[in-house]
Structures are given as C-alpha cells and as structure tokens.
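Read through the structure below, which is laid out as structure tokens, and then see the notes.
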Amino acid sequence: MKKKTSDDHSKLLEVVLAYRSSKSLMVALHYDLFTEIEKGRRTAEALGRRLGLDRRAVGILLDANAALGFLNKRGSRYANSALSKDLLVSTSPNYKGNNLKYQEQTWDAWSDLKSVVKTGAPRLSLLEWIHKDAFTGDYIKAMGDVARGPARDLAGKLGLGRVSRTLDIGCGPGVYSAAIVEKNPRIEAVLLDLPRTLGVTRGLLKPHRHSERFAYRPADFLTDSFGENEFDLALISNVTHCENEENNLKLVKKAYEALRLGGRLVIHDYVSDSGLTSPKFAAMLAVHLLVFTGRGNVYNLKEYAGWMRRHGFKDISHKRVGVGSIYPSTAIIGRKA
Ligand SMILES: C[S@@+](CC[C@H](N)C(=O)[O-])C[C@H]1O[C@@H](n2cnc3c(N)ncnc32)[C@H](O)[C@@H]1O
Numbered sequence: 293m294k295k296k297t298s299d300d301h302s303k304l305l306e307v308v309l310a311y312r313s314s315k316s317l318m319v320a321l322h323y324d325l326f327t328e329i330e331k332g333r334r335t336a337e338a339l340g341r342r343l344g345l346d347r348r349a350v351g352i353l354l355d356a357n358a359a360l361g362f363l364n365k366r367g368s369r370y371a372n373s374a375l376s377k378d379l380l381v382s383t384s385p386n387y388k389g390n391n392l393k394y395q396e397q398t399w400d401a402w403s404d405l406k407s408v409v410k411t412g413a414p415r416l417s418l419l420e421w422i423h424k425d426a427f428t429g430d431y432i433k434a435m436g437d438v439a440r441g442p443a444r445d446l447a448g449k450l451g452l453g454r455v456s457r458t459l460d461i462g463c464g465p466g467v468y469s470a471a472i473v474e475k476n477p478r479i480e481a482v483l484l485d486l487p488r489t490l491g492v493t494r495g496l497l498k499p500h501r502h503s504e505r506f507a508y509r510p511a512d513f514l515t516d517s518f519g520e521n522e523f524d525l526a527l528i529s530n531v532t533h534c535e536n537e538e539n540n541l542k543l544v545k546k547a548y549e550a551l552r553l554g555g556r557l558v559i560h561d562y563v564s565d566s567g568l569t570s571p572k573f574a575a576m577l578a579v580h581l582l583v584f585t586g587r588g589n590v591y592n593l594k595e596y597a598g599w600m601r602r603h604g605f606k607d608i609s610h611k612r613v614g615v616g617s618i619y620p621s622t623a624i625i626g627r628k629a
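Listed below in structure tokens is the structure:
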C-alpha cells in the first residue's frame, strides 16, 4: 500500500476503533477500579474478589487501561498513573469520574443513532432520561465536574459589582451560580430547575461557604413564568443546546420579563461557526443532542443575537469562555433597555 493510502487508512481506523478505548475506560470507571487500586487492591485477583467480578475479564480490562496509559503494570500488580491518581480516583479533589461515567450512560442513546437518522427522533426524550431514578444524580454531578473551570472564567468576565439578584435558569448542579456568588457574596442567587434536579442541587450546595445566598425555585422552564422585574442578571447556561428554536425563544422572552430595566441576560453555551462544521467539539455535540434530546442542537452567534434582539434586548455582545480547552464556550450578553 502507498504511504498516503496507509496513513489515510490509519486515520479511519483511529476514528472507527475509538469506541474500544472509550468503553474500556468507562467500564473501569463504572467499577471504580482506579479508586480500588489506590486503596491497595493491586491485582486482578484482589479486585475480582472484592468487586465480585470475573478475574480473567478484570485482568484483560486492566491491561487495556495500562495500554491506554491510565495504569502502570509490574508483574501482576497495577498502579495508577499520575493522570489517574489526579482525575480518576474518587477521593481526589480533581476527580472527573462523574462526568466520564455519565458518558457511559449516554452510550445506550448513541446505540440508536442508526434509527434516529431514519426517524429523526430518539426513543427517549431528555426529560424521560431525567425522570429515570438513577440518571438524575449522575447527570447533574457529571455537569458539575466539567463546569467549575468555565464557571469561574465566566463569573470573572461578567462585572458583578452592582448585581444584587440573579436567576439561573436550568441551573443543574448550580456551579455557575456558586461561581457568581463567590465573586460577589452580596448577591442572592435564585436557582431554577425541575424539582427532581433541585433535590440533587441542594445536596451539592449545602456545604458551600455561602450556602445562605442560594434560593431554590422548582419550576418547569417551558411552562412556568420566571417572574417580572425581579433580577439584575439572568443566566441560561448549557440549556439552549437541549432545546429547539421555538422553546429557546420562549426562554429568552420570559427572561426579558423577569429582568429589571438595565438587567442582563447571559446565554452561555457551545457555539458553532455558521457552517456548523467547527469547532469539532460542537459538531460532535450536535450528534449527541440529536440522539439524546431529539430537539436540541448547537446554534451560532447570529441565531443567539437574533433571538435576543427579537425580544427587545439591546447592546448584544459576546465573550469567549474556556479559551484553549477542547470545549470552549461562549457567553452571549444582552441588556433589557
Ligand atoms: C445541560 S444542563 C445545564 C446545567 C447548568 N446550567 C450548567 O451549565 O452546568 C440542563 C438543565 O436543564 C434542566 N431542565 C431540563 N428541562 C427542564 C425544564 N423543562 N424545566 C426546568 N429545568 C429543566 C435539567 O434538569 C438540567 O439541570
């Protein structure tokens, strides 16, 4: 085979076989093997006994994770690599396992891609996923894992000095409101989400040093009002990508009503270029949203600005968040005038 053909074939294989690496890591996380290894159960034998798993199968899975660089193997003993100690051991302050484990839960939805492309709709809507008992906690914690960095970045860019009351619409784990309150602890942050989600949010924010600054508002953001002239800043973070244009227009309209004159709406999300093919993360997210929400999508700056203008917002601008990360996002900001 000519070199170019061979390189091209390797590129194809890398994409097509990526699922083997993904699933090997996800299942190791599912059984919390990295944490167990850190606790001293260093062989397939010991891990199999402790977790009630097949010894040979565990050994094969551990070897795959060693090949991926997540474990070091010496004889029959395994140790965590520096990356795993930092990010994959559940007692580490930088633990990212919740998010990685949640990706495995979405595997079932992705398995339906073939039929979704035919019918245009997934078997389960996001709301049906959220109403599954085991799912909500994992989903919300998963978002918390990845939100802390961008939340700090965004809060630092908003100029919160004169803000006294904020509304976080579809707050999830509440990480964005937490970052806002950390910047200005005089702010009262109202967190709005479905009752089931808020049950998880309250638990996550209970130990926060400014926990008294949070108020919780159980609501359905599609059907309930957000109030009138109550807030200086409304945040819709990572919510618009779960919804279609019609629902997003409703959210923008209700946020406008809820803001005081001069108040700002901040829509924070992953934004694609006008051709919808970059950044790569956004194009892949669009497929994820197709299989996972059906009606969700990744939108571009022009669409966001158009929605805001249509409902009366002025001075529309945007700020980039998480520049340099693999999933940079954007805050689109408009003022109620
Ligand atoms: C992708 S998460 C975003 C969480 C958070 N804002 C962030 O940026 O990390 C979407 C959130 O919308 C909430 N949600 C979905 N449908 C909702 C509805 N109809 N009413 C209220 N909240 C809803 C979910 O419970 C979830 O917390």
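Numbering (our numbering), first residue to last: 293 to 629. Glycine residues also receive a C-beta, built at the ideal position from the N, C-alpha and C atoms.
Output the boundary residues of the alpha helix (DSSP H) element that contains E337. A336 to L343
Assign T585 to one of three DSSP states: helix, strand, or coil. coil
CB-CB length for V544 against L557, believed under 8 Å: 7 Å
Residues near F326 in its chain [Cβ-Cβ closer than 6 Å; skip 5 each side]: N372, S376, L380 and V381
Between A471 and A447, is the Cβ-Cβ spacing less than 7 Å? yes
Flag G462 as yes when its Cβ comes closer than 6 Å to any non-hydrogen atom of ligand 1, and as no otherwise. yes
Is it the case that the CB of N536 approaches a heavy atom of ligand 1 more closely than 6 Å? no
Identity of the residue in L360, G626, V613 and R444 nearest R601 by Cα: G626
Nearest candidate by alpha-carbon position, reference K542, set P571, D512, G555 and W402: D512
DSSP state of K606, grouped into three classes? strand
Is it true that the CB of G588 sits closer than 7 Å to the CB of A550? no
Between which two residues does the beta strand (DSSP E) harbouring F506 extend? F506 to P510
Taking a contact to mean a Cβ-Cβ separation below 7 Å, would you say A623 touches I608 in this structure? no
Mapping the DSSP letters down to three states, classify K628 as helix, strand or coil. strand
Cutting at 7 Å between CB atoms, please list the residues of its own chain near K406, excluding the five before and the five after it. none
Determine the closest residue to G429 out of L490, D355 and L343, with distance taken between C-alpha atoms. L490
Tell me which residues share the same chain as H322 and place their Cβ nearer than 7 Å to its Cβ, disregarding the 5 neighbours each side in the sequence. K393 and E396
Local conformation of F523 per DSSP, three classes: strand
Cβ pair L582, V308 closer than 7 Å: no
Exposed or buried, which one is L363 when buried takes at least 16 other CB atoms within 10 Å? buried
So which of T493, A439 and L568 has the shortest CA-CA distance to L593? L568
According to DSSP, is D404 part of a helix, a strand, or is it coil? coil
Considering only residues of the same chain and omitting the five flanking positions on each side of S384, which have a CB-CB separation below 7 Å? K377 and D378
Using a Cβ-based criterion (distance less than 6 Å to any ligand heavy atom), does L582 qualify as near ligand 1? no
Ligand 1 and T489: does any heavy atom of the ligand fall closer than 6 Å to the residue's C-beta? yes
Give the DSSP bridge partners of V455, in chain order. Paired residue(s): none; V455 is not in a bridge.
Counting C-beta neighbours from all protein chains within 10 Å, is the total for E306 16 or more, i.e. buried, or is it exposed? exposed
Looking only at its own chain, which residues have a Cβ that is under 6 Å from the Cβ of G340, when we skip the five neighbours before and after it? R347 and V350
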